[in-house]
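Inspection log for the structure reproduced underneath, given as structure tokens.
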Amino acid sequence: MSIIGSAIPTQGYGRHRTQKQTENESMARNHAFFFASTKGQHILKNPGIIRDMVEKAGIKETDIVLEVGPGTGNLTMQLLQRCKKVIAIEVDVRMISELRKRVSGTEFASKLDIIHGDAIKIKTLPFFNLCIANIPYQISSPLIFKLLAHRPSFRCAILMVQDEFAKRCVSRVGDYFWSRLSINCQLLARVSYLKKVSKQNFRPPPKVESALLRIEPRMPVPSINFIEWDGLIRICFERRHRLIRKVFSNKNVLQRLHENYGTLNQQSKQQNSNSNSNSHHQQQRQRPNYNLEQTKKIIFDLVQKSGISDKRSRHLDVTDFLRLLKFFNDRGIHFK
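Each residue of the sequence shown is one higher than the last, beginning at 1182 in this note's numbering.
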């Protein structure tokens, strides 16, 4: 709170008006600088929860551990005692300074590598075996999929995330939280909800409850085009309560798929013609006319043959969507 804000005139019988932010702001001042809640800076202060995170990861002495958002280093110090090296990615220079002070002059100084930057914007993450972190909640989804796209794959991740986000990740077919996030996570990894964590375990406390999530990448990695897969899932879960045949009867969806169909087929024809050096055939080549009604009929037939036309997206699992994607791809219908 600013000096001007703190100079509120007294009300009633000499008592100051209580404000909701006072408690959080006083807690944020405990470390000689503000923790920016807008950046997801909620420092995990409970040593019992930190111990749980470390133990559930199954750390080996030879492991390299990635920590995103180490903050002041409460978790980092515990990790350094058990692994070969910790790579900490932190965007706030104040936190980096605090972390360096904690390891300065100790045996752990040589085991800690600090990268100053945004974990999402870093083009290539360094090699790591485990990821253990109390991450900023606003980057939970992009960070998880960045980790899962990393090669070589890591062994497991133990992440502190928002409780509702964790429930969406582990949700099952037909559940209230079954969503695009659920199905994408479970396509690429085995995801487990470990425990709920109260907001009072953080300084300053966030507005929501938290949870520990365990993520183990699937091996081998599913051999699909993830961009196409996500394009299909996005279309289906935009209207997750609709029947699949209704989803693919939508005018905008049909127009999008028709444009993709025409573009990809024209590219294929162009490649074939370029490989043919006979100029006579090139002169006779004509650009094909792709009719929207023909595309509609192809899509309608595919959905009917899929066996799930009268089901809703929230009742379909990973296998159902993989089969549907194969039906479309085999007939030249692609997603992006």
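Just so you know, even glycine gets a beta-carbon here, dropped at the ideal spot from N, CA and C.
Express the C-alpha separation of L1506 and L1497 in angstroms, rounding to a whole number.
Here the question's residue 1497 lines up with position 316 in the sequence shown. Here the question's residue 1506 lines up with position 325 in the sequence shown. About 13 Å.
Would L1293 and C1312 qualify as a contact pair, given that the criterion is a beta-carbon distance under 8 Å?
Translated into positions along the sequence shown, residue 1293 becomes position 112. Translated into positions along the sequence shown, residue 1312 becomes position 131. No, these two residues do not count as a Cβ contact at 8 Å.
Roughly how many whole angstroms lie between the Cα atoms of L1368 and V1499?
Stepping through the sequence shown from its first residue, residue 1368 is reached at position 187. Stepping through the sequence shown from its first residue, residue 1499 is reached at position 318. Their Cα atoms are separated by approximately 6 Å.
Under a three-way DSSP split, which group does P1333 fall into?
Position 152 of the sequence shown holds residue 1333. Correct three-state label for P1333: coil.
Would you mind listing the alpha helix (DSSP H) stretches within the segment 1468–1500 that are 4+ residues and don't spill past its ends, in chain order?
Listed in chain order, they are 1473–1487.
Does R1384 pass the burial test, meaning 16 or more other C-beta atoms within 10 Å, or should it be called exposed?
Here residue 1384 refers to the residue found at position 203 of the sequence shown. Buried.
Can you check whether the CB of I1425 is closer than 8 Å to the CB of S1490?
As a working mapping, residue 1490 is identified with position 309 in the sequence shown. As a working mapping, residue 1425 is identified with position 244 in the sequence shown. Yes, Cβ-Cβ distance for S1490 and I1425 is below 8 Å.
Where in the segment 1262–1314 do unbroken runs of the beta strand (DSSP E), each at least 3 residues long, occur, reported from the N-terminal end onward?
Runs found: 1266–1271 and 1293–1297.
Where does Q1222 sit, in a helix, a strand or coil, going by DSSP?
Position 41 of the sequence shown, counted from the first residue, corresponds to residue 1222. Three-state DSSP puts Q1222 in coil, outside helix and strand.
Determine the closest residue to N1406 out of L1473, V1267, V1484 and K1517, with distance taken between C-alpha atoms.
The residue labelled residue 1406 in the question sits at position 225 within the sequence shown. Taking only the C-alpha atoms, the option nearest N1406 is K1517.
With a threshold of 7 Å on Cβ separation, who are the neighbours of L1438 within its own chain once the five nearest residues in sequence on each side are excluded?
Within the sequence shown, residue 1438 is the residue found at index 257, counting from 1. Cβ neighbours of L1438 beyond the five flanking positions: T1476, I1480 and I1514.
Tell me, which residues are paired with P1398 by DSSP?
Translated into positions along the sequence shown, residue 1398 becomes position 217. DSSP, once it has assigned bridges, lists A1370 as partnering P1398.
By how many angstroms is the C-alpha of R1504 removed from the C-alpha of A1300?
One-based indexing of the sequence shown puts residue 1300 at position 119. One-based indexing of the sequence shown puts residue 1504 at position 323. If you take the alpha carbons of A1300 and R1504, they lie about 34 Å apart.
State buried or exposed for Y1442, treating a residue as buried only when at least 16 other CB atoms are found within 10 Å of its CB.
Translated into the one-based positions of the sequence shown, residue 1442 becomes position 261. The residue is buried, with at least 16 neighbouring Cβ atoms inside 10 Å.
Whether or not the segment 1227–1237 and the segment 1259–1269 are in contact is what I'm after, with contact meaning three or more pairs of Cβ atoms, one per stretch, closer than 8 Å; do they touch?
At 8 Å Cβ cutoff, the stretches touch.
Should F1418 be labelled buried (16 or more other beta-carbon atoms within 10 Å of its own) or exposed?
On the sequence shown, position 237 is the one that residue 1418 refers to. It counts as buried.
In this structure, how does DSSP classify E1133 when only helix, strand and coil are distinguished?
Only positions 1182 to 1517 of the chain appear in the structure, and residue 1133 is not among them; the question remains open.
Skipping 5 residues on each side, what residues in its chain have a beta carbon closer than 6 Å to that of F1543?
In the structure as shown, the chain starts at 1182 and stops at 1517, and residue 1543 therefore has no counterpart that could be examined.
I'd like the list of long-range same chain contacts for K1478, defined as Cβ closer than 8 Å, with 5 residues on each side in sequence excluded.
For the purposes of this step, residue 1478 is identified with residue 297 of the sequence shown, where counting begins at 1. Once the five neighbours on either side are set aside, K1478 has no close Cβ partner at all.
Examine the Cβ distances between the segment 1373–1382 and the segment 1428–1438 and report whether three or more of them are shorter than 8 Å.
Verdict: no, contact absent.
Span of the beta strand (DSSP E) holding V1249?
Counted from its first residue, the sequence shown places residue 1249 at position 68. From DSSP, the beta strand (DSSP E) with V1249 extends over I1245 to V1249.
Cα-Cα, which of D1356, S1334 and N1310 is closest to P1401?
Against the sequence shown, residue 1401 aligns to sequence position 220. Of D1356, S1334 and N1310, the residue nearest in Cα terms is S1334.
Since I believe G1254 is in contact with V1272 (beta carbons under 8 Å), could you give me their beta-carbon distance rounded to a whole number of angstroms?
In the sequence shown, residue 1272 corresponds to position 91, counting from 1. In the sequence shown, residue 1254 corresponds to position 73, counting from 1. Incorrect: roughly 15 Å between the Cβ atoms, too far for contact.
Are the segment 1302–1317 and the segment 1335–1343 in contact at 8 Å, needing three or more beta carbon pairs?
Yes: at least three Cβ pairs fall under 8 Å.
On the DSSP bridge assignment, give the partners of S1391 in chain order.
Indexing the sequence shown from 1 puts residue 1391 at position 210. Answer is Q1343 and V1378.
In angstroms, rounded to a whole number, what distance separates the CA positions of A1519 and S1391?
No statement about residue 1519 is possible, as the shown extent of the chain runs from 1182 to 1517 and does not include it.
With a threshold of 6 Å on Cβ separation, who are the neighbours of G1488 within its own chain once the five nearest residues in sequence on each side are excluded?
One-based indexing of the sequence shown puts residue 1488 at position 307. Closer than 6 Å at the Cβ level, and outside the excluded window around G1488, lies no residue.
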